[in-house]
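For reference, the structure discussed in these notes is given below.
This is how it looks when you write it as structure tokens:
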């Protein structure tokens, strides 16, 4: 079975949107990971802050990397996010995914997205369906 | 007070990320709207399907346009999305936002995201805090 | 395979809490059902309105009956509810469950809870994991 | 302004359903609390385990006590719960509420529900609207 690092490398290499976002994999292991990105002008909405889709995309990638890091394929079932603080152009977002629960077929993850000052900018929860299929 | 169309024009004009996504406003009114986009190569993940962040971003823009269309400012509090069917490069996604409930300070919206065949590709629910501030 | 009615009868007969709540099965079929209950004094919170747990319990039972009504066992994975209007002692709540999506292993349901005037008192969404095991 | 303990006493004294559930307030302070209950026969569903509405009700009460403990009134906007492990008759559930975020008008709380062995039996997240009205 592939290691968490091998799975994440494979996933990230083919992931054009995570690359466009400039996502950097800071750390990964089975069931956990930490990703970051820096907000660019083209990622902002009409209020000149990062569009909600940017923090969601970062957190959703963190969910995918953490849950697939066990070496078997995981599919997102349901995700929820609260945006708690605006993030401006040039600011860095750091998403930290951790495992709340893992059973044979279900995994639940929390992703906390913070700015560099450590403030929570978004809080994400995701549930995945774990398949028997190895990476 | 500005009309729904005027608010959406104002929001959309300044929204760099919605423009990058190629979002098209098909229809808008107070409390409802319909947006679409066509999936491009750079929006895909490692499975060569649209990244979950793309349908989320489309639905989140639909939430913003529908809830602000009443003419007063609305802030997203909590959003949830289920991805129910993969969407490939070249396919069109259509997001239709409708109002489940509106009180003085809270609004709840459902956004159904469909492909051109009418299949549900994502189901989104969003709650906003309605401020007294006019657009 | 058992019919929706047979499954719901089996589930309801053994369900002590649904009985305590006085839940009445108004209608059931595979993937859908309608349940009701009347709010009693002992179901209220400190504001003299139905505790949020009452509308949740009604909606959660509706989710269970609708999703198991296909004849195979379904387990709740994730549920969310918004309480949109207070319900007083003596008032009736009617919960209507409908299927948003059904795949081989996942089902997504919406439950709208209304009072007798037809006002939405709670909006519930539930996701279930569908097992291969027949009832 | 009332203290957290005074608010919780006031809320709990009038809360008939929390009393029926046998909820015990183990600890409370502004923004946090710990509640418990012991599962009785009449709280079970057709699988002879606690109905999902029981852990929800316990967690929802924990949300109410923690968020109102700041001394001003808080109204639930949106709640979500995952049931992660069955709980049998005679088992104790302990719900621990903590604050993820508090702004002037919004509060977000996590409630972890555990059995006596420390296993997570349910994971709950709730968002409240904070009014200016003192208790």
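Chains as they are written, first to last, in our numbering: chain A, 89 to 223; chain B, 89 to 223; chain C, 89 to 223; chain D, 89 to 223. Here a beta-carbon is modelled for each residue, glycine too, at the ideal position from N, C-alpha and C. Bear in mind that the values here come from a model prediction, so they are computed numbers and not experimental data.
Cut-off 7 Å between Cβ atoms - residues of its own chain near residue i, not counting five sequence neighbours on either side
i: residue 139 (chain A); result: 131, 132 and 133
i: residue 224 (chain B); result: The structure shown does not extend to residue 224 (chain B), since chain B is modelled only from 89 through 223, so no value can be given for it.
i: residue 89 (chain B); result: 159 and 222
i: residue 92 (chain A); result: 116, 117, 118 and 157
i: residue 188 (chain B); result: 196, 197 and 198
i: residue 193 (chain C); result: 217 and 218
Rounded distance between the beta-carbons of residue j and residue i, thought under 8 Å
i: residue 207 (chain D); j: residue 173 (chain D); result: 5 Å
i: residue 169 (chain D); j: residue 147 (chain D); result: 6 Å
i: residue 141 (chain B); j: residue 145 (chain A); result: 3 Å
i: residue 150 (chain A); j: residue 109 (chain A); result: Wrong, their Cβ atoms sit about 12 Å apart, outside the cutoff.
Beta-carbon neighbours of residue i, restricted to chain A and to distances below 8 Å
i: residue 206 (chain B); result: Those within 8 Å of residue 206 (chain B) in chain A number zero; the least Cβ separation is about 22 Å.
Residues that residue i contacts on chain A, provided the C-beta gap is smaller than 9 Å
i: residue 165 (chain C); result: 165, 166, 194, 196, 215 and 217
Proximal residues of chain D, C-beta to C-beta of residue i below 7 Å
i: residue 89 (chain C); result: The premise fails here: residue 89 (chain C) is roughly 18 Å from chain D at the closest Cβ pair, so nothing lies under 7 Å.
Reference residue i, options the options, closest by Cα
i: residue 116 (chain C); options: C:183, C:109, C:217 and C:175; result: C:183
i: residue 196 (chain C); options: B:171, B:189, B:218 and B:194; result: B:171
i: residue 177 (chain A); options: A:91, A:121, A:127 and A:163; result: A:127
i: residue 95 (chain D); options: D:144, D:152, D:123 and D:129; result: D:152
i: residue 214 (chain A); options: C:175, C:165 and C:186; result: C:165
i: residue 190 (chain A); options: D:210, D:185 and D:143; result: D:210
i: residue 203 (chain C); options: C:143, C:167 and C:103; result: C:143
i: residue 201 (chain A); options: A:104, A:137, A:98 and A:125; result: A:125
i: residue 137 (chain B); options: A:193, A:205 and A:104; result: A:104
Interface residues of chain C facing residue i [CB-CB closer than 9 Å]
i: residue 189 (chain B); result: 170, 172, 173, 208 and 211
Contact set for residue i: own chain, Cβ-Cβ below 8 Å, skip 5 residues either direction
i: residue 162 (chain B); result: 152, 155, 156, 195, 216, 217, 218 and 219
i: residue 135 (chain B); result: 174
i: residue 98 (chain A); result: 90 and 223
i: residue 129 (chain B); result: 177
Chain-order list of residues whose beta-carbon lies under 6 Å from that of residue i (same chain, five-residue window excluded)
i: residue 186 (chain A); result: 120 and 198
i: residue 212 (chain D); result: 147, 169 and 199
i: residue 167 (chain B); result: 214
i: residue 102 (chain B); result: none
heavy atom of the ligand ADP below 7 Å from residue i C-beta
i: residue 220 (chain B); result: In terms of ligand content, the structure shown is empty, and the ligand ADP therefore cannot be addressed.
Worksheet entry | chain B contacts made by the region 93-123 of chain A, where a contact means CB separation under 9 Å | Going along the region 93-123 of chain A in chain order, one finds 98, 99, 100, 101, 102, 103, 104, 105, 106, 107, 108 and 109 with a Cβ nearer than 9 Å to chain B.
Practice prompt. Residues of the region 167-187 of chain A with a CB closer than 8 Å to any CB of chain B: list them in chain order, please.
Written response: Within the region 167-187 of chain A, the qualifying residues are 167, 168, 169, 170 and 171.
Worksheet item: What residues in the region 210-221 of chain A have a beta carbon less than 7 Å from any beta carbon of chain C?
Response: The residues in question are 215 and 217.
Discussion item. Give me the subset of the region 143-163 of chain D whose CB atoms are less than 7 Å from a CB atom of chain C, sorted by chain position.
Written reply: Of all residues in the region 143-163 of chain D, 144, 145 and 148 have a Cβ within less than 7 Å of some Cβ in chain C.
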